[in-house]
Amino acid sequence: MTLERLSPPPSESDPDRDRRTVPLDRSDDLLEVLASETAREVIAIVRESPSTPSEIADDLDVSLQAVTYHLRRLQRVDLLAPVGVRYSKKGREMNLYDLSTESVTVSLTEPRM
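Residue 55 in the UniProt record's numbering sits at position 55 of the sequence shown; the count goes up by one each step and never skips.
See below:
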């Protein structure tokens, strides 16, 4: 089965996706999302190659509904984003997801000015 990729993933050298720092007082949502093993497994799959929800569900052997739930949560904390579209053999349009950042740091101190 082949899928046609219409939009390339973002460049590996994209400086906006390299690193992000989150202050401790605003890290609750991020840490809650990352506490989920399934969310971390989704990140691991997407880290290897931008993927569709169906591909992720197949790789994890979980329901598409579960993957969609985790994708939404990961997007809400800016860890993943849709980066393009693929078409299935049946012609169905599917979003392609990739990492929004390469690294996230929770800062324990206030930023210095």
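Don't be surprised by glycine CBs; every beta carbon is placed ideally from N, CA and C.
Since this is a predicted model, take the numbers as computed values, not measurements.
Which term fits Pro48, buried or exposed, when burial requires 16 or more other beta carbons within 10 angstroms of its beta carbon? Taking the first residue of the sequence shown as 1, we reach residue 48 at position 48. Reading off the sequence shown, one finds Glu at residue 48, where the question assumed Pro. Exposed is the call here.
Hey, how far is the Cα of Val83 from the Cα of Leu96? Start at 1 with the first residue of the sequence shown, and residue 83 comes out as number 83. Start at 1 with the first residue of the sequence shown, and residue 96 comes out as number 96. Answer to the nearest angstrom: the Cα atoms are 6 angstroms apart.
Start and end of the beta strand (DSSP E) containing Pro50? For the purposes of this step, residue 50 is taken as residue 50 along the sequence shown, with counting starting at 1. Counting along the chain, Pro50 falls outside any beta strand (DSSP E), and DSSP gives it neither H nor E.
Presumed contact (8 angstroms Cβ cut-off) between Leu71 and Leu99, rounded CB distance: As a first step, residue 71 must be located in the sequence shown, where it is residue number 71. As a first step, residue 99 must be located in the sequence shown, where it is residue number 99. Actually they are not in contact, since the Cβ atoms of Leu71 and Leu99 sit about 12 angstroms apart, beyond 8 angstroms.
In this structure, does DSSP put Glu4 in helix, strand or coil? As a first step, residue 4 must be located in the sequence shown, where it is residue number 4. Residue placement at Glu4 is flagged as unreliable, the pLDDT there being 42, under the threshold of 50; the coordinate-derived value follows with that caveat. Looking at Glu4 - three-state DSSP - the assignment turns out to be strand.
Taking contact to mean 3 or more Cβ pairs, one atom from each stretch, closer than 8 angstroms, check whether the region 19-33 and the region 62-77 are in contact. yes
With Thr21 as the anchor, note down where its beta strand (DSSP E) starts and where it stops. Here residue 21 refers to the residue found at position 21 when the sequence shown is read from its first residue. Per DSSP, Thr21 belongs to the beta strand (DSSP E) from 20-23.
Mind reading off the beta-carbon distance from Ser54 to Ile45? Whole number of angstroms is fine, and I expect it under 8 angstroms. Stepping through the sequence shown from its first residue, residue 54 is reached at position 54. Stepping through the sequence shown from its first residue, residue 45 is reached at position 45. So it is not a contact: roughly 12 angstroms between Cβ atoms.
Please report the distance separating the alpha-carbon of Gly91 from that of Val85. Here residue 91 refers to the residue found at position 91 of the sequence shown. Here residue 85 refers to the residue found at position 85 of the sequence shown. Between Gly91 and Val85, the C-alpha separation is close to 11 angstroms.
Go through its chain and collect everything with a Cβ distance to Leu64's Cβ below 8 angstroms, but skip five positions before and after it. Looking up residue 64 in the sequence shown gives position 64. Once the five neighbours on either side are set aside, the close Cβ partners of Leu64 are Pro53, Ser54, Ala57.
What runs of the beta strand (DSSP E), each 3 residues or longer, lie entirely inside the region 55-99? 80-87, 93-99
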